[in-house]
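Engineer: Quick one: structure below, then a few questions.
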Amino acid sequence: KQEVTQIPAALSVPEGENLVLNCSFTDSAIYNLQWFRQDPGKGLTSLLLIQSSQREQTSGRLNASLDKSSGRSTLYIAASQPGDSATYLCAVKDGGANSKLTFGKGITLSVRP
Amino acid sequence: NAGVMQNPRHLVRRRGQEARLRCSPMKGHSHVYWYRQLPEEGLKFMVYLQKENIIDESGMPKERFSAEFPKEGPSILRIQQVVRGDSAAYFCASSPRWHTGFNYGYTFGSGTRLTVV
Numbered sequence: 782k783q784e785v786t787q788i789p790a791a792l793s794v795p796e797g798e799n800l801v802l803n804c805s806f807t808d809s810a811i812y813n814l815q816w817f818r819q820d821p822g823k824g825l826t827s828l829l830l831i832q833s834s835q836r837e838q839t840s841g842r843l844n845a846s847l848d849k850s851s852g853r854s855t856l857y858i859a860a861s862q863p864g865d866s867a868t869y870l871c872a873v874k875d876g877g878a879n880s881k882l883t884f885g886k887g888i889t890l891s892v893r894p
Numbered sequence: 003n004a005g006v007m008q009n010p011r012h013l014v015r016r017r018g019q020e021a022r023l024r025c026s027p028m029k030g031h032s033h034v035y036w037y038r039q040l041p042e043e044g045l046k047f048m049v050y051l052q053k054e055n056i057i058d059e060s061g062m063p064k065e066r067f068s069a070e071f072p073k074e075g076p077s078i079l080r081i082q083q084v085v086r087g088d089s090a091a092y093f094c095a096s097s098p099r100w101h102t103g104f105n106y107g108y109t110f111g112s113g114t115r116l117t118v119v
């Protein structure tokens with residue numbers, strides 16, 4: 782059974798800092814991995830999706846990496862801003878293209894002005 | 003091109019009542035997934051449906067919960083005789099039938115927040 786872990790549960794950093802959010806998963810036979818952002822009381826916004834054959838994806842100040850063999854992914858946020866404050870969720874898809882996602886509990890990020 | 007539409011956004015039910023949550027997938031998406039987010043918990047998969055078919059309901063509680071995705075209209079998640087423990091945010095996601103070339107991720111709706119009083 783796939784398990785996804787995100788540690789720590791919460792993180793507070795000053796504005797401008799570069800930071801790394803970690804995600805680990807127990808079964809390396811994944812189809813893809815997706816990072817989401819969730820604002821309080823809101824839905825999920827997809828940030829980056831990494832296919833199982835890829836090592837990383839970039840979008841603006843965000844960079845996500847994937848190391849399947851070790852069961853790890855990182856989300857790198859450059860030059861953090863107060864607007865980046867949110868909960869960041871990591872989710873893996875096992876099996877085929879239409880299989881379910883297994884989520885971590887998320888990391889709640891607070892960027893202090 | 004509207005995203006995944008869920009309604010209502012907020013739903014309050016008394017214990018023992020029924021809750022009906024609706025989800026309209028993105029245009030062109032024929033696969034619907036329901037997830038539940040309990041307080042202080044991560045999102046948990048409940049059920050995966052295609053039009054008129056339940057593909058995977060391994061995450062659905064055995065009693066009181068049911069889901070459908072009819073040929074016409076939105077997908078419905080139905081909770082009968084709600085209890086306080088059903089209070090949660092329920093999210094719907096959709097994806098297209100064919101994932102050509104690139105892997106498509108899911109698109110999530112804004113969720114329905116169910117409160118049982």
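Heads up: the sequence lines are chains Y and Z, in that order.
To convert, count from 1 in the first sequence and add 781; that's my numbering.
To convert, count from 1 in the second sequence and add 2; that's my numbering.
From the three backbone atoms N, C-alpha and C, an ideal C-beta is built for every residue, glycine too.
Would Phe110(Z) pass as an interface residue toward chain Y - the criterion being a Cβ-Cβ separation below 8 Å?
Structural biologist: yes
Engineer: Does DSSP classify Pro98(Z) as helix, strand or coil?
Structural biologist: strand
Engineer: Quick check on Ala791(Y): buried or exposed, where buried means 16 or more other Cβ atoms within 10 Å of its Cβ?
Structural biologist: Exposed, because fewer than 16 other Cβ atoms sit within 10 Å of the Cβ of Ala791(Y).
Engineer: Using a C-beta to C-beta distance shorter than 7 Å, which residues of chain Z count as neighbours of Leu792(Y)?
Structural biologist: None at all; the shortest Cβ gap to chain Z is about 17 Å.
Engineer: If the cut is a Cβ gap below 7 Å, which residues of chain Z does Lys881(Y) touch?
Structural biologist: Tyr35, Phe47, Tyr50 and Asp58
Engineer: Going by DSSP, what residues sit across from Thr114(Z) in a beta bridge?
Structural biologist: Under DSSP, Thr114(Z) forms a beta bridge with Tyr92(Z).
Engineer: So, do the stretch 876-889 of chain Y and the stretch 44-53 of chain Z have three or more beta carbon pairs nearer to each other than 8 Å?
Structural biologist: Because the criterion of three Cβ pairs below 8 Å is met, the stretch 876-889 of chain Y and the stretch 44-53 of chain Z touch.
Engineer: With H, G and I counted as helix, E and B as strand and the rest as coil, what does DSSP make of Arg86(Z)?
Structural biologist: helix
Engineer: Would you mind stating whether Ile81(Z) and Phe71(Z) have Cβ atoms separated by less than 8 Å?
Structural biologist: no
Engineer: Roughly how many angstroms lie between the CA atoms of Tyr92(Z) and Val892(Y), to the nearest whole one?
Structural biologist: Looking at the backbone, the Cα of Tyr92(Z) and that of Val892(Y) are separated by about 28 Å.
Engineer: When the distance is taken between beta carbons, is Gly111(Z) closer than 8 Å to Met7(Z)?
Structural biologist: yes
Engineer: Output, in sequence order along the chain, the residues in the stretch 60-90 of chain Z whose CB is closer than 7 Å to any CB in chain Y.
Structural biologist: none
Engineer: Along the stretch 822-844 of chain Y, what residues have a CB closer than 7 Å to any CB found in chain Z?
Structural biologist: Taking a C-beta cut-off of 7 Å against chain Z, the contacting residues of the stretch 822-844 of chain Y are Lys823, Gly824, Leu825, Ser827, Leu830 and Gln832, listed in chain order.
Engineer: Take the Cβ of Pro27(Z) as the centre, count every other Cβ of all protein chains shown within 10 Å, and call the residue buried at 16 or more, exposed below.
Structural biologist: buried
Engineer: Find the residues of chain Y that neighbour Gly113(Z), judging by a C-beta separation of less than 9 Å, and give them in chain order.
Structural biologist: Gly822, Lys823, Gly824 and Leu825
Engineer: Would you list the one or two residues that DSSP bridges to Ser866(Y)?
Structural biologist: Answer by DSSP bridge pairing: none, since Ser866(Y) is not bridged.
Engineer: Closer than 7 Å to a non-hydrogen atom of the ligand GTP - does that hold for the CB of Asp58(Z)?
Structural biologist: Judged by which ligands are present, the structure shown has none, so any question about the ligand GTP falls away.
Engineer: Between which two residues does the beta strand (DSSP E) containing Val49(Z) stretch?
Structural biologist: Its beta strand (DSSP E) spans residues Leu45 to Gln52.
Engineer: For Gln787(Y) versus Ile858(Y), is the C-beta spacing smaller than 8 Å?
Structural biologist: Their beta carbons are not under 8 Å apart, which means Gln787(Y) does not touch Ile858(Y) by this criterion.
Engineer: Is the beta carbon of Thr109(Z) sitting closer than 8 Å to the one on Ser96(Z)?
Structural biologist: Yes; because the gap between Cβ atoms is below 8 Å, this pair is in contact.
Engineer: What's the C-alpha gap between Asn813(Y) and Glu20(Z)?
Structural biologist: 36 Å
Engineer: List, from N- to C-terminal side, the beta strand (DSSP E) runs of 3 residues or more that fit wholly inside the stretch 782-812 of chain Y.
Structural biologist: 791-795 and 800-806
Engineer: Using the beta-carbon of each residue, which ones in chain Z are nearer than 8 Å to Gly887(Y)?
Structural biologist: Gly44
Engineer: From the DSSP output, read off the bridge partner residues of Leu13(Z).
Structural biologist: Looking at the DSSP assignment, Leu13(Z) forms a beta bridge with Leu116(Z).
Engineer: Below 7 Å on C-beta distance, what does Phe884(Y) contact in chain Z?
Structural biologist: Gly44 and Leu45
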